[in-house]
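Q:
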Amino acid sequence: MESDDEIRRVPEIGGEAAGATASGRDGGSVAGTVQPSGSGPRRRGRSPADKENKRLKRLLRNRVSAQQARERKKAYLIDLEARVKELETKNAELEERLSTLQNENQMLRQILKNTTAGSQEGRK
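And the structure:
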C-alpha cells in the first residue's frame, strides 16, 4: 500500500528530470520509472554544440602551446647568439695570446741560437 507522501508525489516530466538525465548522473530513471536503453537524452555521441566547443578549446590550447613554443625557441636562440659572441671573443683573445707566445718563442730561440753560436766561437 502506498503512503500519503508517495500518493501526493507527482512524477517530474521535462524540467528538472530532463536536466538530471542530460547531465548523465541519474542513470536513466525518472521518478521511479526506468527508461529503456536507446531512448532519452543519454547518447554516446556528443551534441554538435559540445563538439564545436571541444574543437574550439583544442584550437585555443594548440595556439597557446604554439605561442609558448615560439617564445621558448626565441629565448633559446637569444641565449645561443650570446654564447656565440662570448666564444668568438674568447677565441680572438686566445689567438692573440698564441701569436704573442709564438713571437716570444721565436725571439728566445734566436737569442739561444746567438748565445750558443757566440760561446762556440769564443772557444775556438
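Numbering-wise, this note's numbering comes out as the position in the sequence shown, counting from 1, plus 8.
Note that CB positions come from ideal geometry on N, CA and C, so glycine has one too.
Small disclaimer: the values here were computed from a predicted structure and weren't measured.
Could you compute how far the alpha carbon of residue 117 sits from the alpha carbon of residue 125?
A: About 12 Å.
Q: Consult DSSP for residue 53 and reduce its assignment to one of helix, strand or coil.
A: Residue 53 falls in the coil class under three-state DSSP.
Q: To the nearest angstrom, how far is it from the Cα of residue 72 to the Cα of residue 53?
A: Approximately 28 Å, taken between the alpha carbons.
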